[in-house]
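Chemist:
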Amino acid sequence: MLTRRHLLATAVAAPAILRFGIGTAHAATTLKISHQFPGGTIDKGDFRDRLCRMFAAEVSKRSNGDIAAEIYPNSSLIKTNAQFSAMRKGALDISLYPMPYAGGELPETNIGLMPGLVTTYDQGMRWKKEPVGKALSDFLADKGIILLSWVWQAGGVASRSKAIVAPEDAKGLKVRGGSREMDMVLQTAGASVLSVPSNEIYAAMQTGACDAGITSSTSLISFRLEEVAKSLTSGAGASYWFMLEPLMMSKAIFDKLPKAQQDVLLAVGEELEAFGRKGAQDDDIEVAKVYEKAGAKVSALDAATVGKWRDIARDTAWKDYGAKTATAANLLRLASDVAA
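Quick note on numbering: the sequence shown equals residues -27 to -1, 1 to 313 in mature numbering (1 follows the signal peptide of the UniProt record, and there is no 0).
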């Protein structure tokens, strides 16, 4: 019997390309959807891959086959860090992409992983309807990106040795944080940092280049980090690490489509946000089971400990980010106005 793990492992070894479309008398608009995560099926596997497949199937259905899509998991079409730039240039149609990965190109996008700024799913999902959501969407549109589905994910820490729970636990360790701002917090806590996408954490931990990796619960599972970890800090109950990983689209490609097709893409994207939230929260619970089964020690964060991380972040990362550009300062101010 195939388990979720077998499906994921198989998908890593042989990335799948799926096409959706019922076939019409005229040529369909074919969109390429890329992401860095393991591939599976519409029913099994990493929920981020499933969300992309559900999106593709539903837009094909609602457009009567006028929109088709090809899914490229595992960064098999375009390398992870190049996907954002490719969308801006119109060379890639759609990606489910961790927003702060674009921080080197657009530092304002690091608002999508600002330690301690978002501490609950409710708070993160409120962004979309609040002024911060409009400001972020407008900024990205101006830079060539349309947000289709807002997806937030809480994160935890997989460590090769001792658990990293409080800031002082990171002292002397090499840690992957996931964004420039998270790295600043870790460095203040006494850690050295490593900047790699989540699909490269396993190799870094396996070789000893990295002692611990902070990433989403889903990535902690999908990238099999329990195989190289002895400790897990779970963010299921509380977390200072929430990443915005939206389904986003090239505005250049979006603008070329008929309005009816644009409306379908936006509607389906919004409807899948509930699925994205449930998938993330389910994995927040599942990750502890996976690591316990592998023999790792599982620790939990609480509000007081999250507060320690937030205090460091306010004095370092938040200040640094807010001083970068007027847009960054405005996004930080507006985000801070959204209560937890």
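In this text, a Cβ means the ideal position worked out from N, Cα and C, and glycines have one as well.
Measuring only the C-alpha atoms, how far is residue -16 from residue 113?
Modeler: Caution is warranted here: a pLDDT of 41 is assigned to residue -16, below 50, making its placement in the model unreliable, and the coordinate value is therefore given only provisionally. Approximately 31 Å, taken between the alpha carbons.
Chemist: Measuring alpha carbon to alpha carbon, tell me which residue in 186, 236, 9 is nearest residue 129.
Modeler: Out of 186, 236, 9, 186 has the C-alpha closest to the C-alpha of residue 129.
Chemist: Classify residue 301: buried if its beta carbon has 16 or more other beta carbons within 10 angstroms, exposed otherwise.
Modeler: Looking at its Cβ environment, which holds 16 or more other Cβ atoms inside 10 Å, residue 301 is buried.
Chemist: Can you give me the start and stop residues for the alpha helix (DSSP H) that residue 282 sits inside?
Modeler: Taken as a continuous stretch (DSSP letters only), the alpha helix (DSSP H) holding residue 282 covers 276 to 286.
Chemist: Assuming contact is defined by CB atoms lying nearer than 8 Å, are residue 162 and residue 140 in contact in what I supplied?
Modeler: Yes, the Cβ-Cβ distance between residue 162 and residue 140 is below 8 Å.
Chemist: With C-beta atoms as the reference, is residue 286 less than 8 Å away from residue 127?
Modeler: No.
Chemist: Between which two residues does the beta strand (DSSP E) holding residue 317 run?
Modeler: Since the first residue shown for the chain is -27 and the last is 313, residue 317 is missing from the structure and cannot be characterised.
Chemist: What residue range is occupied by the uninterrupted alpha helix (DSSP H) comprising residue 157?
Modeler: Segment 153 to 161, the alpha helix (DSSP H) holding residue 157.
Chemist: For residue 297, which option in 75, 79, 28 has the closest C-alpha, if you only look at C-alpha atoms?
Modeler: That would be 79, whose Cα lies nearest to the Cα of residue 297.
Chemist: Going by the beta-carbon positions, is the gap between residue 250 and residue 98 smaller than 8 Å?
Modeler: The answer is yes: Cβ separation under 8 Å.
Chemist: Closest to residue 299 by C-alpha separation, out of 241, 204, 208, 108, would be which residue?
Modeler: When only C-alpha atoms are compared, the closest one is 108.
Chemist: Residue 271 lies in the beta strand (DSSP E); which residues open and close that run?
Modeler: First-last of the beta strand (DSSP E) with residue 271: 270 to 273.
Chemist: With DSSP as the reference, identify every bridge partner of residue 126, one or two as the case may be.
Modeler: DSSP output for residue 126 lists 216 as bridge partner(s).
Chemist: In its own chain, which residues sit with a C-beta less than 6 Å from the C-beta of residue 267, not counting the 5 before and 5 after it?
Modeler: Answer for residue 267: 199, listed in chain order.
Chemist: How many whole angstroms separate the CB atoms of residue 48 and residue 9, which I take to be in contact at a CB cut-off of 8 Å?
Modeler: Correct: roughly 5 Å between the Cβ atoms.
Chemist: Once the 5 residues before and after residue 215 are set aside, which same chain residues still bring their CB inside 6 Å of it?
Modeler: Excluding sequence neighbours, residue 215 sits near 91, 97, 125, 127.
Chemist: Which word fits residue 46, buried or exposed, when buried means at least 16 other C-beta atoms lie within 10 angstroms of its C-beta?
Modeler: The residue in question, residue 46, is buried, as its Cβ has 16 or more Cβ neighbours within 10 Å.
Chemist: Classify residue 69 as helix, strand or coil using the three-state DSSP reduction.
Modeler: It is a strand residue.
Chemist: Report the option in 3, 88, 82, 51 whose CA atom is closest to the CA atom of residue 303.
Modeler: Out of 3, 88, 82, 51, 82 has the C-alpha closest to the C-alpha of residue 303.
Chemist: Could you tell me if residue 306 is buried or exposed, where buried requires 16 or more neighbouring beta carbons within 10 angstroms of its beta carbon?
Modeler: Exposed: under 16 other Cβ atoms inside 10 Å.
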